[in-house]
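Colleague: Residue numbers (the working numbering), protein chains in the order written: chain A, 53 to 283; chain B, 6 to 401.
Glycine residues also receive a C-beta, built at the ideal position from the N, C-alpha and C atoms.
Structure provided below as structure tokens; questions to follow.
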Ligand SMILES: Nc1ncnc2c1ncn2[C@@H]1O[C@H](COP(=O)(O)OP(=O)(O)OP(=O)(O)O)[C@@H](O)[C@H]1O
Ligand SMILES: [Mg+2]
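This is how it looks when you write it as structure tokens:
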């Protein structure tokens with residue numbers, strides 16, 4: 053079973069001056085296999101978003117290395133980082149996922165167009181069909197509901213068949229019914245497409261059985277469950 | 006398929022109507038101001054040249070270094086009539102004198118009136134001075150006189166058919182007085198014509214001054230005014246032994262025009278400064294656009310947009326603003342110019358402007374405005390690329 057994500061000794065310290073430095077991540081190491089559904093849980097301020105941002109190369113670690121699909125991401129230059137974000141990861145955030153100036157379809161087409169791949173329209177339409185938004189495709193992205201927006205964001209996250217889909221509290225802004233359906237969508241995308249998910253959440257119960265749980269506490273990571281077995 | 010960056014640039018701009026209109030208006034107004042300036046001030050300048058050419062200087066004015074031309078005007082006029090580029094040439098004789106009229110209330114006199122002697126047949130071919138006669142007719146006989154409207158006023162009102170006396174001091178220092186019948190009254194908008202002069206038959210004036218055969222100037226009208234310099238040179242080369250002075254309108258009217266020209270240059274410069282402030286307005290508006298799109302820029306970066314792509318998106322907005330603004334401004338400017346030309350727009354209700362479409366200048370103005378708009382977008386676009394994706398996500 054191949055490691056799609058391998059994190060070694062990851063440390064992130066915010067702030068330049070000693071006095072007001074915050075250690076958001078402290079010597080974090082773990083790995084995730086291809087096709088797993090992993091949760092990152094922990095109290096507010098424990099470093100979950102920081103961890104996800106590091107994995108997605110939205111920010112640079114202070115120490116440590118992150119291997120994605122076997123690539124040492126610390127060796128990438130600016131252009132390669134953009135291409136990595138485009139092809140290797142798909143992001144789903146809690147808020148403001150979609151560009152409100154575009155339609156839902158155009159939002160999903162965007163990463164495919166950036167990758168320079170052909171048939172972006174067909175692929176995006178197919179994905180939107182799979183997440184149940186066939187009828188909302190032509191809507192402007194700010195004219196759909198929160199749950200629909202998260203579905204669209206998931207479709208966009210899957211657009212380039214990335215190594216990882218990173219979701220930071222994707223259901224944090226949704227009511228419980230909608231939230232459950234979005235969780236169900238992600239889990240089905242994981243099982244049917246074999247797509248690896250790393251999801252930050254405060255509502256662990258909503259997810260039921262998952263492959264792996266990373267518990268964050270004061271910037272440290274503890275694996276509390278691996279392949280359905282409590283550690 | 007349209008590049009996604011162009012699509013995003015367009016949508017983000019067109020969905021912010023206020024900013025779009027503001028930025029486009031800045032460019033439009035910058036251009037329109039230059040067009041209006043051009044129509045009015047260049048129009049005024051060209052109108053002065055037109056009137057000076059038509060009424061006083063011709064396309065070429067021949068004079069003599071020593072005040073008066075001694076050579077027979079017939080020889081000179083004949084010489085010019087053989088040059089294909091020449092439309093007509095006419096002799097003129099200038100002097101000054103006093104005019105008086107006796108009415109029931111007594112005698113009214115006015116001094117130092119410019120007197121212009123013309124050849125009635127030749128003058129109407131080389132000059133449009135005769136067209137400025139608003140009432141009555143141009144000089145047609147040895148004792149008819151045309152008075153400028155200003156002199157008419159000085160004399161307390163004169164009507165066509167009235168009899169007046171003109172006095173001059175002849176070459177021997179003796180007073181010479183003749184009686185004339187007013188044949189016409191000349192008036193031009195702006196007073197550029199013969200409003201301050203009195204026009205008589207050239208032979209009468211020569212006779213009064215005892216200057217038979219002398220001429221003050223020869224006014225030459227060309228079919229194509231751009232040939233003025235070559236005709237002038239040909240003329241001077243053909244009469245090497247006479248002390249003739251031959252000048253194009255630009256040369257003969259240089260004193261009147263030089264100040265005017267620098268005024269126009271200054272006004273244009275102010276216009277270009279106005280355009281620069283339009284550019285600063287665009288910088289401000291685009292900075293607002295960029296700041297309002299922090300979140301979107303973060304999303305784009307997180308799904309793989311390179312810094313270069315962000316730069317391109319916002320520069321494309323600058324190009325769109327510049328293009329629409331330049332098109333609208335040029336359109337509005339041309340419409341105004343067209344209106345001014347069709348309605349024979351006048352300056353301060355006096356002199357009719359000489360309105361032209363100066364295509365090189367129109368193109369240059371449009372390109373400058375467009376270029377400035379694009380240039381103005383560089384800094385905001387660069388700032389957009391400096392936004393970190395993770396910072397951008399922070400704003401909900
Ligand atoms: N840009 C930053 N500059 C300074 N400190 C930061 C920055 N981002 C996060 N932190 C700090 O790092 C720590 C971890 O923050 P992080 O956002 O990763 O927590 P989290 O687990 O995602 O919390 P939440 O559940 O509230 O989203 C916190 O103490 C936070 O204040
Ligand atoms: Mg967080």
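(1) Residue 65 of chain B and residue 207 of chain B - do their beta-carbons sit closer together than 9 Å?
(2) Report back the beta-carbon spacing between residue 357 of chain B and residue 346 of chain B to the nearest angstrom; my notes put them in contact at under 8 Å.
(3) Can you have a look at residue 5 of chain B and say buried or exposed, based on whether 16 or more other CB atoms are within 10 angstroms of its CB?
(4) Whole-angstrom Cβ separation of residue 195 of chain B and residue 137 of chain B, contact assumed at under 8 Å?
(5) Just the C-alpha distance for residue 151 of chain A and residue 200 of chain A, rounded to the nearest angstrom, thanks.
(6) Hey, is residue 17 of chain B's beta-carbon within less than 9 Å of any beta-carbon in chain A?
(7) Which of the three DSSP states, helix, strand or coil, is assigned to residue 93 of chain B?
(8) Collect the residues with a C-beta less than 5 Å away from any heavy atom of ligand 1 and give them in sequence order along the chain.
(9) Let me know the secondary structure DSSP gives residue 125 of chain B once reduced to three states.
(10) Taking only beta-carbon positions, decide if residue 108 of chain A is within less than 9 Å of chain B.
(11) Does the distance between the C-beta of residue 251 of chain A and the nearest non-hydrogen atom of ligand 2 fall short of 8 Å?
(12) Residue 100 of chain A CB to nearest chain B CB: under 9 Å?
(13) Report the rounded CA-to-CA distance for residue 215 of chain B versus residue 179 of chain B, giving the unit in angstroms.
(14) If I measure Cβ to Cβ from residue 173 of chain A and keep anything under 8 Å in the same chain, skipping five residues before and after, which residues do I get?
(15) Return the residues of the region 197-208 of chain A that lie within a Cβ-Cβ distance of less than 9 Å from chain B, sorted by chain order.
(16) Using 10 angstroms around the beta-carbon of residue 200 of chain B, count the other beta-carbons present and answer buried if the total reaches 16, otherwise exposed.
(17) Against chain A, with Cβ distances strictly below 9 Å, would residue 394 of chain B count as a contact?
(18) Using only the heavy atoms of ligand 2, determine whether one of them is closer than 8 Å to the beta carbon of residue 221 of chain A.
(19) If contact is defined by three or more beta carbon pairs under 8 Å, each pair taking one atom from either stretch, is the region 146-156 of chain B in contact with the region 184-195 of chain B?
(20) Mind reading off the beta-carbon distance from residue 181 of chain B to residue 187 of chain B? Whole number of angstroms is fine, and I expect it under 8 Å.
(21) Ignore the nearest five residues each way along the sequence and tell me which others in residue 203 of chain A's own chain have a CB closer than 7 Å to its CB.
(22) Any beta carbon of chain B sitting closer than 9 Å to that of residue 195 of chain A?
(23) Name the residues in the region 319-334 of chain B whose C-beta lies less than 7 Å from a C-beta of chain D; which are they?
(24) Would you say residue 74 of chain B and residue 249 of chain B are within 9 Å of each other, going by their C-beta atoms?
(25) Which class does residue 164 of chain B belong to by DSSP, given the choice of helix, strand or coil?
(26) For a minimum of 4 consecutive residues, which ranges assigned as the alpha helix (DSSP H) are wholly contained in the region 222-262 of chain A?
(27) Are the beta-carbon atoms belonging to residue 205 of chain A and residue 309 of chain B less than 9 Å from one another?
(28) Run the CB neighbour count on residue 223 of chain A, radius 10 Å, all protein chains shown included, and call it buried at 16 or more, exposed below.
(29) Going by CA-CA distance only, name the one from B:184, B:12, B:294 that's closest to residue 166 of chain B.
(30) Provide the residue span of the alpha helix (DSSP H) that contains residue 264 of chain A, from first to last.
(31) Considering residue 74 of chain B, what are the terminal residues of the alpha helix (DSSP H) in which it resides?
(32) Helix, strand or coil: how does DSSP classify residue 189 of chain A here?
(33) Near residue 351 of chain B, what residues of its chain come up, given a Cβ to Cβ distance below 6 Å and the 5 sequence neighbours on each side ignored?
(34) Tell me, please, whether the region 116-124 of chain A touches the region 278-286 of chain B by the rule of three or more beta-carbon pairs shorter than 8 Å.
(35) Alpha carbon to alpha carbon, how far is residue 214 of chain A from residue 277 of chain A? Give it in angstroms, no decimals.
Modeller: Looking at the atomic coordinates:
(1) no
(2) In fact, because the Cβ distance is near 10 Å, the residues do not count as touching under 8 Å.
(3) The question about residue 5 of chain B has no answer here: the residues shown for chain B are numbered 6 through 401.
(4) About 11 Å separates the two Cβ atoms, so there is no contact after all.
(5) 14 Å
(6) yes
(7) strand
(8) A:66, A:74, A:76, A:96, A:97, A:98, A:99, A:100, A:101, A:102
(9) helix
(10) yes
(11) no
(12) no
(13) 10 Å
(14) 157, 161
(15) 208
(16) buried
(17) yes
(18) yes
(19) yes
(20) Their Cβ separation, rounded to whole angstroms, is 19 Å, which puts residue 181 of chain B and residue 187 of chain B out of contact at 8 Å.
(21) 183, 184, 185, 234, 237
(22) no
(23) Absent here is chain D; the protein component of the structure consists of chains A and B.
(24) yes
(25) coil
(26) 228-245
(27) no
(28) buried
(29) B:184
(30) It is not in any alpha helix (DSSP H) - residue 264 of chain A instead sits in the beta strand (DSSP E) that spans 264-269.
(31) No alpha helix (DSSP H) contains residue 74 of chain B, which DSSP labels as neither H nor E.
(32) coil
(33) 357
(34) no
(35) 24 Å
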